[in-house]
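In what follows, a single structure is set out as C-alpha cells and then discussed.
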Amino acid sequence: KQEVTQIPAALSVPEGENLVLNCSFTDSAIYNLQWFRQDPGKGLTSLLLIQSSQREQTSGRLNASLDKSSGRSTLYIAASQPGDSATYLCAVRPMDSSYKLIFGSGTRLLVRP
Amino acid sequence: KAGVTQTPRYLIKTRGQQVTLSCSPISGHRSVSWYQQTPGQGLQFLFEYFSETQRNKGNFPGRFSGRQFSNSRSEMNVSTLELGDSALYLCASSTSKVGYTFGSGTRLTVV
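Order-wise, the sequence lines are chains A and W. At the far end of the first sequence sits residue 112, using the numbering used here, and the numbering has no gaps. At the far end of the second sequence sits residue 117, using the numbering used here, and the numbering has no gaps.
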C-alpha cells in the first residue's frame, strides 16, 4: 500500500531564506508526483508536476526533484517571501490503475517578514 | 482558460438531510475526481469518473455517491448527513499530461 510522508510537518523561516521541503513515498511504481500549495480554507493550487521519467521540474523560484528509486522528492523554494506562507502538499499517482492521488499530510510553512 | 468550478462554495445542512455538490471540469478534461479534506484525516479519495463511468471509489460508506454527465460535469451526493461529514470537498479534473487541477472546494458544515 502506497504511503506518502512529508517532513517537517511545520516550518517557520525568516524572509529571504532558501528552504527545502521533503516528501517520501513507499512504492516507486508511480506515474508522476505533483506538488500543491493550499492557503487556509482554499482549494489546492498545482505548483509542479514531475512525470516518472523526469528528474526535476522548475517554475520560477520553485524547483522540485524526483528520485523514484529512493522514493523521495524535494521542493526547493528560493528566496522565500511572506506570500509563500501556506501548506505544501505532495501527492503521487500510483501505477496501479486506481486513478487517484495519494497525498502526504503536508508541510505548513510560515515565512516571517 | 476557465479552471475547475465547484458550487456552492459553502453549505450548512442539518443531520439527516442530503446534499448535492457540483463540479465543472476544465474544458476537454474527461476525468473528474472527488476528495474529502478534514483536519484529522487529511485528503481522502472519494471517487473518480471518466466518460460517465466510475472507475474507482474510495473507502466511504454508500451514503456517498456521484455521477458524471456527458459534458463531463460531475455531481456528488451525500445522503443522511452525519456530523462527521463536515469537511471541505474538493473536485479535480485531470489529464496525464498536466496532472490534477483542483477547484476551490465546497465547505460543508453539518449541524
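Ideal Cβ positions, reconstructed from N, Cα and C, are used throughout, including at glycine.
Query                                                                                                                                                           : Result
If contact means a Cβ-Cβ distance below 8 Å, which residues of the stretch 47-63 of chain W contact chain A?                                                    : Gly-48, Leu-49, Phe-51, Glu-54, Phe-56, Arg-61, Asn-62
Anything in chain W within Cβ reach of Tyr-98/A, meaning under 8 Å, just list it in chain order.                                                                : Ser-37, Ser-39, Glu-54, Phe-56, Arg-61, Asn-62
Below 6 Å CB to CB, which residues in the same chain sit around Glu-58/W once its five sequence neighbours on both sides are set aside?                         : Gln-74
Just by C-beta distance, which residues in the stretch 35-65 of chain A are closer than 8 Å to chain W?                                                         : Phe-35, Gly-40, Lys-41, Gly-42, Leu-43, Thr-44, Ser-45, Leu-48
In angstroms, rounded to a whole number, what distance separates the CA positions of Phe-35/A and Leu-88/A?                                                     : 5 Å
Consult DSSP for Leu-96/W and reduce its assignment to one of helix, strand or coil.                                                                            : strand
Hey, Leu-18/A and Ser-79/A are a contact pair by Cβ (cut 8 Å); roughly how many whole angstroms apart?                                                          : 6 Å
Between Phe-108/W and Leu-43/A, how many whole angstroms is the CB-CB distance? I'm expecting something under 8 Å.                                              : 4 Å
May I ask you to verify whether the stretch 84-93 of chain W touches the stretch 99-110 of chain A, counting CB pairs closer than 8 Å and requiring at least 3? : no
Going along the chain, which residues of the stretch 8-30 of chain A sit with their C-beta nearer than 8 Å to a C-beta in chain W?                              : Tyr-30
Considering only C-alpha positions, which residue in the set Ala-8/A, Cys-22/A, Ile-76/A, Glu-16/A is nearest to Gly-70/A?                                      : Cys-22/A
Can Leu-47/A and Gln-37/A be called in contact, C-beta distance under 7 Å?                                                                                      : no
Work out the CA separation of Thr-112/W and Ile-18/W for me, nearest whole Å.                                                                                   : 11 Å
Is there a Cβ of chain W sitting closer than 7 Å to that of Ser-79/A, yes or no?                                                                                : no
According to DSSP, simplified to helix, strand and coil, what is Asp-83/A?                                                                                      : helix
What does a CB cutoff of less than 7 Å around Leu-49/W pick up in its chain, not counting 5 residues either side in sequence?                                   : Tyr-41, Gln-43
Please confirm whether Gln-33/A has its beta-carbon closer than 7 Å to some beta-carbon of chain W.                                                             : yes
Once the 5 residues before and after Ala-28/A are set aside, which same chain residues still bring their CB inside 6 Å of it?                                   : Met-94
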